[in-house]
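Written out below as structure tokens is the structure these notes cover.
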Amino acid sequence: MLLIRCPYCGMDRPEIEFRHAGAAHIIRPGPPDRVTDEEWAAFLYLRDNPKGRVAERWRHVHGCGRFFNAVRDTVTDVFVATYKAGEPRPPESAPGASEPTEARP
Amino acid sequence: MKFSLFSLLHQGLTGNQGWQPQWRDPAPKPAYDVIIVGAGGHGLATAYYLAKEHGIRNVAVLEKGWLGGGNTGRNTTIIRSNYLWEESEALYEHSVKLWETLSHELNYNVMHSPRGVMMLAHSVHDVQVTKRHIHANRLAGIDNEWLTPEQAKEFCPILNISRDIRYPILGAALQRRGGVARHDAVAWGYARGADRLGVDILQNCEVTAIRRDASGRVTGVETTRGPIAARKVGVVAAGHTSVVMGMAGIRMPLESFPLQALVSEPVKPVMPCVVMSNTIHAYMSQSDKGELVIGAGTDQYTSYSQTGGLHISQHTLDAICELFPMTRRLRMLRNWGGIVDVTPDRSPIIGRTPVPGLYVNCGWGTGGFKATPGSGHVFAATIARDEPHPIAAPFTLERFTTGRLIDEAAAAAVAH
């Protein structure tokens, strides 16, 4: 089970308090009457699905109830950073975004 | 060497010293007609049918690890075709029919055992949905029948049908032609069959790039064992499809999730069929070794770690212990995870891609094992003719742009 730091509550809490909510920073295209089928398909369905670092949304459903974003490594499942909704994705070199010292197998 | 009673007797009487390796370990050639990326069941089946039915024998199957070491060796081996939509029914029934003759086709015992797959209904909604499935299947000529709780218990005596449990059993759908097979044997059988027809299976050979010419057409791949040229490349990389397709600049409608399974210590035969419950996320069958094979739902987050949270297994075991009270004192021997590539509509993608010469067969999500023969069969035809096999035609990549989704997510819940 993952241990996730909610940026609003400021606490490390077990994964069962949270709901994963898909990839983060996906911007809805618009205005709707000028969006092509290809753009809708990309917005709705196409995903980077990276092997490595991913930015994703989580919701602290059994805590504060709020959505926030996280950067996590999909090979080790180690969280690099969690940050509030609306904040930009932290740069790779930002504090707290350092390589985890020990990867979980 | 052809397997037969005679060869078995002969080897038994001569000390089993004469068995040969079942496939070669060739060095990569500089070029092939077709390259298949991924030597799981689906990839090996594709290579086999390319050689067998389409006469394309200059084929390489590239595998970054060892053949059958991914999801082919990690699934719970359930075979059925009781899907809701006509497109899925055609695809999975095509596969079930191939399973029925596969051991003879390959001269390799894949231990196909059509022992019946029973899917439980726990609520009024479940009953309605299940009966809708049954009627849809029967209209398509696929066997599926409704059982009362008493009939379900008669078919699977260890089932708990008391009405005072948290999710009481209100009935079940039974597909008698459904069942299980030996997952490793499927990969080995197809590998042996393909190898004999001239297909090179290249293990420890990871694809690192996809080469294209000025017009964008595929010209080959680069691998950890050097560059290999081919005019056609078929990607059958399951959980890693997004990574491989990314090498050709294509974003896929896929997300990769861990899917866990576990087995108990071996016990005497107690379970004559497969039982699944989509509502409470559990399914179970008994292997020929006697282990109870148990599958769970996916973890909630995307991952390539081939592991998942223990609470997922625990949630499944809660359900298993209630459905099958005799399992409460069983010890679990081991659990593991595989990485499954899930599409938004929970149906696979089989076909051409925007890059000429590049084909993809992916998105089987949590239920690809049952489709292994059919998937390889229609994908081989798609590659050989450069046009979709009629059964594969609805499962194109374009459906996410046109909106013609095949929405089995609502129809089949999480479990396959």
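The listed protein sequences derive, respectively, from chains R and L.
For what it's worth, my numbering labels the leading residue of the first sequence as 578, then goes sequentially.
For what it's worth, my numbering labels the leading residue of the second sequence as 40, then goes sequentially.
Where a beta carbon is used, it is the ideal one built from N, C-alpha and C, also for glycine.
Just so it is clear, the structure is predicted and the values come from calculations on it, not from any experiment.
Would you mind telling me which residues of chain L sit closer than 9 Å to residue i, beta carbon to beta carbon, in chain order?
i        : result
R/Ile567 : Limits of chain R in this structure are 578 at one end and 682 at the other, which puts residue 567 of chain R out of reach.
R/His597 : Asp338, Gln339, Tyr340, Thr341
R/Val638 : Simply none; closest approach about 11 Å.
R/Asp614 : Thr440, Thr441, Gly442
R/Thr651 : Ser295, Tyr340, Thr341, Ser342, Tyr343, Ser344
To the nearest angstrom, how far is the alpha carbon of residue i from that of residue j?
i        : j        : result
L/Tyr398 : L/Val283 : 12 Å
R/Cys583 : L/Glu184 : 48 Å
L/Val314 : L/Ala66  : 44 Å
L/Cys360 : L/Ala300 : 15 Å
L/Ala432 : L/Gly390 : 8 Å
L/Gly347 : L/Met310 : 27 Å
R/Phe620 : R/Ile603 : 7 Å
L/Glu447 : L/Cys244 : 35 Å
L/His174 : L/Met158 : 15 Å
L/Ser201 : L/Ala230 : 47 Å
L/Leu241 : L/Gly155 : 37 Å
R/Glu676 : R/Arg634 : Here R/Glu676 scores only 48 on pLDDT, less than 50, and its place in the model should not be relied on; the value that follows carries that caveat. Rounded to the nearest angstrom, the two C-alpha atoms are 21 Å apart.
R/Val638 : R/Phe644 : 8 Å
R/Gly673 : L/Glu102 : Summary for R/Gly673: the model assigns pLDDT 49, below 50, so the residue's position carries little reliability; its value from the coordinates is reported in the next sentence. Going by the C-alpha atoms only, they are around 36 Å apart.
L/Asn148 : L/His161 : 37 Å
L/Pro196 : L/Val135 : 26 Å
L/Pro364 : R/Arg636 : 35 Å
L/Ala129 : L/Gly57  : 43 Å
L/Leu356 : L/Cys312 : 18 Å
L/Thr53  : L/Phe45  : 12 Å
R/Glu664 : L/His320 : 36 Å
L/Thr88  : L/Gly232 : The question names Thr, yet the displayed sequence has Tyr at residue 88 of chain L. Answer to the nearest angstrom: the Cα atoms are 9 Å apart.
L/Thr262 : R/Leu623 : 26 Å
L/Tyr122 : L/Thr169 : 10 Å
L/Leu83  : L/Asp203 : 48 Å
L/Ser386 : L/Asp380 : 10 Å
L/Thr435 : R/Gly642 : 38 Å
L/Val76  : L/Val100 : 6 Å
R/Arg590 : R/Ala601 : 20 Å
L/Gly109 : L/Gly377 : 7 Å
R/Asp654 : L/Asn176 : 41 Å
L/Asn97  : L/Val260 : 16 Å
L/Lys68  : L/Ile267 : 7 Å
L/Glu304 : L/Arg370 : 6 Å
R/Asp614 : L/Met291 : 16 Å
Closer than 8 Å by beta-carbon distance: list the chain R residues that pair up with residue i, in chain order.
i        : result
L/Leu293 : Arg624, Asn626
L/Pro383 : Leu621, Tyr622
L/Ser326 : Per Cβ cutoff of 8 Å: no residues; L/Ser326 is ~26 Å from chain R at best.
Identify every residue that forms a DSSP beta bridge with residue i.
i        : result
R/Leu580 : R/Pro591
L/Asn374 : L/Leu301
L/Cys401 : L/Ile388
R/Asp650 : R/Arg630
R/His597 : R/Trp635
L/Ala226 : None; L/Ala226 has no bridge partner.
R/Arg624 : L/Met291
L/Met315 : L/Met158, L/Tyr322
L/Gly31  : Any property of residue 31 of chain L remains undetermined from this structure, which presents chain L solely from 40 to 455.
L/Lys103 : Answer by DSSP bridge pairing: none, since L/Lys103 is not bridged.
R/Lys661 : R/Phe645
Please list, in chain order, the chain R residues whose beta carbon lies closer than 7 Å to that of residue i.
i        : result
L/Phe439 : Ala618, Tyr622
Whole-angstrom Cβ separation of residue i and residue j, contact assumed at under 8 Å?
i        : j        : result
L/Glu132 : L/Ile445 : In fact, because the Cβ distance is near 15 Å, the residues do not count as touching under 8 Å.
L/Arg250 : L/Gly396 : Contact flag wrong, Cβ pair sits at about 10 Å.
L/Thr116 : L/His279 : About 22 Å; that fails the 8 Å criterion.
L/Ile118 : L/Gly218 : 5 Å
L/Leu394 : L/Gly255 : A small fix is needed here, since residue 394 of chain L is Val in this sequence, not Leu. 6 Å between Cβ atoms; contact.
L/Asp327 : L/Met150 : 7 Å
L/Leu106 : L/Ala70  : Going by Cβ atoms, the distance from L/Leu106 to L/Ala70 rounds to 22 Å, so no, they are not a contact pair.
L/Leu362 : L/Val302 : About 17 Å; that fails the 8 Å criterion.
R/Gly640 : R/Glu594 : 5 Å
L/Leu209 : L/Asp165 : 7 Å
L/Ala419 : L/Glu92  : 7 Å
If the cut is a Cβ gap below 9 Å, which residues of chain R does residue i touch?
i        : result
L/Arg290 : Ala619, Leu623, Arg624, Asp625, Asn626
L/Ser281 : Arg624, Asp625, Asn626, Pro627, Lys628
Name the chain L residues that come within less than 7 Å of residue i, Cβ to Cβ?
i        : result
R/Val631 : Thr341
R/Met578 : Gly348, Leu349, His350
R/Asp654 : Ser342, Ser344
In chain L, which residues lie less than 8 Å from residue i when you measure between Cβ atoms?
i        : result
R/Val648 : What R/Val648 touches in chain L: nothing, since even the nearest Cβ is about 13 Å away.
### Task
Only counting runs of 3 or more residues, tell me where the beta strand (DSSP E) segments fall wholly within the stretch 123 to 189 of chain L, in order along the chain.
Whole beta strand (DSSP E) segments, 3+ residues: 156 to 160, 184 to 186.
### Message
Quick check on the DSSP output: what are the complete alpha helix (DSSP H) runs of length 4 or more inside the stretch 72 to 101 of chain L, in order along the chain?
### Response
List check, alpha helix (DSSP H) in window: 80 to 93.
### Runs of alpha helix (DSSP H) wholly within the stretch 232 to 298 of chain L (minimum 4 residues, chain order)
Complete alpha helix (DSSP H) runs here, min 4: 280 to 285.
### Message
Restricting to runs no shorter than 4 residues, where is the alpha helix (DSSP H) found entirely within the stretch 333 to 365 of chain L?
### Response
Segments of the alpha helix (DSSP H) lying fully in the stretch 333 to 365 of chain L: 349 to 362.
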